[in-house]
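Here is the structure we will look at, set down as structure tokens.
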Amino acid sequence: MTENALALFLNAAALAIIAFSGHLLLQRAKHQSFYWPLLGCLLAIAVLIGDPWLKQLAPDLRQLFLLLSLPALYLLPPCFWLYVQGLTSSSPWQFQKNHFKHFALSGVALVIVICALLLPAEIRHGLLVEGSEKILGSTSAVIRNFVYGLAILTFGLVIGWCVQAGCYVLAVFRRLHRYRDQLKQVFASTETHELRWILWLLLAVVGIWLFVAASLLYDNLVVSVPTDLPTDPTLQSLVVLVLIWTVASWGLRQKPGFAELYKADAVMQEKLQETLQTLTEAKYQRSALNEQLSGNIVNKLHIAMTQDQLFLDAALSLPKLAKHIATSPSYISQTLNETIGVNFFDYVNSYRVEAAKIQLLNTDETVLDIAMNVGFNAKSSFYTAFKKETQLTPSQYRKARQQLAQ
């Protein structure tokens, strides 16, 4: 198999994944709207990577798809941003009118496409398919200036896309950071909700983009690089395939982080929304919670943890705790953050760590077994919480205590 044939095979595999995933997403999006932006991402990628097979199977469509590459490029960042919004929303996500503003630049790019389609077919073929400007020599000055104007606008939009993409990447990072803070106000275990795959995906894309950009700049401005690695079609197709497989496989199985809260009754949902929105002291100041009521809640929480041992429930959440002690979740959250000085996540895990300490000293069970016994559902989260409380790993703590006892 030749190098180009291998690149075509990898490209076909990527398109097949998009087609299969797109069909599944289309079915799901009818009931869960946050899948629409992910579907938009995959379709935009299909437009961007489909040229090699269009060249082989449908050359007459190449002009159209090459022109649509610019709007497709501008669709990617906002679609991915809206998908992340859907996954991190504390209430079921729906497409709103104010979301249209994210697609303004895609609309500008589409206008350029329409203008380009007004050009004679032979000019479009020469410029887009053959990549030659010779055909402009036999055209009128009006058409030449029109083409040059479109070229300048297109170049400006390509540069602008880099800025747009960078802004959306930063927005996603900020959104994920705020989202993880919100998770810790509601859940005692957050591993399955944290969307770490999105963070790693973005870091990989940014890393690849920076590597390619740096290689091209170094090759053109400093000294010629003795390899075509950054522009190798086989390598490019392989990287695209891996990224698409990652987005499709994780995207199809990923649920919104607060999905289980969507099932709560209307009153509980309203209280949870209030809880997630009142994370600052200024907002808490408008609360009706007084010192006496806060003290009562502290006592209820202590009883729930020490006597009822709710912390042993790996799926413990703020709504479950609120229902158990018959108290508003917003009052519980305010009491934890203001009176005790911790969030829900750290509060519950502190009791888990204390229970783990006892088992570490009095049993011979493995660290993993103890972690599961006390309510953690991952060894890594147990280590993190334990070290935060004791400045030691569980094994170090057990060893240190055994040495003191001798």
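Those letters in the sequence shown? Residues 1203 to 1608, by the numbering used here. Beta carbons are placed, not taken as given, at the ideal position from N, Cα and C, and that holds for glycine.
Check whether the Cβ atoms of residue i and residue j lie closer than 8 Å to each other.
i: W1295; j: S1235; result: yes
i: L1378; j: V1407; result: no
i: Q1456; j: L1289; result: yes
i: L1609; j: Y1276; result: In the structure as shown, the chain begins at 1203 and stops at 1608. Residue 1609 is therefore absent and cannot be evaluated.
i: H1526; j: L1512; result: yes
i: P1596; j: A1558; result: yes
i: L1563; j: R1603; result: yes
i: V1646; j: R1264; result: Past the boundaries of the shown model lies residue 1646; the chain is included only from 1203 to 1608, so the question cannot be answered.
i: T1392; j: F1547; result: yes
i: S1519; j: V1388; result: yes
i: L1478; j: Y1533; result: no
i: L1268; j: L1443; result: no
i: T1341; j: I1354; result: no
i: P1435; j: L1474; result: no
i: F1302; j: Y1370; result: no
i: L1405; j: V1374; result: no
i: I1410; j: V1286; result: no
i: L1352; j: I1316; result: no
i: V1249; j: L1228; result: no
i: L1454; j: L1226; result: yes
i: W1447; j: I1219; result: yes
Thinking residue i and residue j are a contact (beta carbons under 8 Å), I'd like their distance in whole angstroms, please.
i: V1555; j: A1587; result: 6 Å
i: P1273; j: L1312; result: 5 Å
i: L1217; j: A1231; result: Rounded, the Cβ-Cβ distance is 20 Å, inconsistent with contact.
i: L1397; j: G1333; result: Incorrect: roughly 41 Å between the Cβ atoms, too far for contact.
i: F1578; j: A1516; result: 7 Å
i: A1390; j: V1550; result: 4 Å
For residue i, count neighbouring C-beta atoms within 10 Å of its own C-beta (all shown protein chains included) and say buried if the count is 16 or more, exposed if not.
i: H1395; result: buried
i: L1372; result: exposed
i: S1451; result: exposed
i: Y1350; result: exposed
i: T1537; result: buried
i: I1251; result: buried
i: Q1593; result: exposed
i: A1484; result: Any answer about A1484 is weak, because its pLDDT of 49 lies below 50 and its placement is not dependable; what the coordinates show is given next. Classification of A1484: exposed, given that the 10 Å Cβ count is below 16.
i: Q1366; result: buried
i: A1318; result: buried
i: N1539; result: buried
i: A1573; result: buried
i: I1560; result: exposed
i: P1239; result: buried
i: I1505; result: exposed
i: A1343; result: exposed
i: L1321; result: buried
i: L1329; result: buried
i: T1482; result: Its pLDDT being 47, under 50, T1482 is placed unreliably in this model, and the coordinates cannot settle the point.
i: L1619; result: For residue 1619 there is no data in the structure shown, the boundaries of the chain being 1203 and 1608.
Judging by CA-CA distance, which residue of the options is the nearest neighbour of residue i?
i: S1583; options: I1560, Q1561, S1552; result: S1552
i: T1541; options: V1500, D1510, L1562; result: V1500
i: R1382; options: L1563, L1227, S1292, A1557; result: S1292
i: K1601; options: D1566, G1577, T1392, L1256; result: D1566
i: L1210; options: L1412, L1440, F1348; result: L1440
i: N1206; options: I1220, W1255, Y1237, A1248; result: W1255
i: T1385; options: P1261, H1327, S1535, A1215; result: In the sequence as displayed, the identity of residue 1385 is Leu instead of Thr. It is S1535.
i: V1576; options: Q1298, S1417, M1507; result: M1507
i: C1364; options: E1591, V1449, L1412; result: L1412
i: L1310; options: S1417, F1357, L1606; result: A small fix is needed here, since residue 1310 is Val in this sequence, not Leu. For V1310, the nearest C-alpha among the options comes from F1357.
i: A1528; options: N1347, K1502, D1510; result: K1502
i: W1402; options: K1465, V1449, L1606, Q1494; result: V1449
i: A1323; options: Y1599, A1221, D1262; result: D1262
i: H1233; options: Q1258, F1297, A1260; result: F1297
i: L1259; options: H1327, Y1599, R1380, A1214; result: A1214
In chain order, which continuous runs of the alpha helix (DSSP H) of length 4 or greater are located wholly inside the stretch 1311-1390? Listed in chain order, the alpha helix (DSSP H) elements of length 4 or more contained wholly in the stretch 1311-1390 are 1323-1326, 1343-1388.
Going residue by residue through the stretch 1505-1588, where are the continuous alpha helix (DSSP H) segments of at least 4 residues, counting only ones entirely within it? Taking 4 residues as the shortest admissible run, the stretch 1505-1588 contains the following complete alpha helix (DSSP H) segments, listed from N- to C-terminal end: 1520-1527, 1531-1536, 1546-1564, 1569-1575.
Along the chain, which unbroken stretches of the beta strand (DSSP E) at least 3 residues long are found entirely within the stretch 1213-1286? Whole beta strand (DSSP E) segments, 3+ residues: zero.
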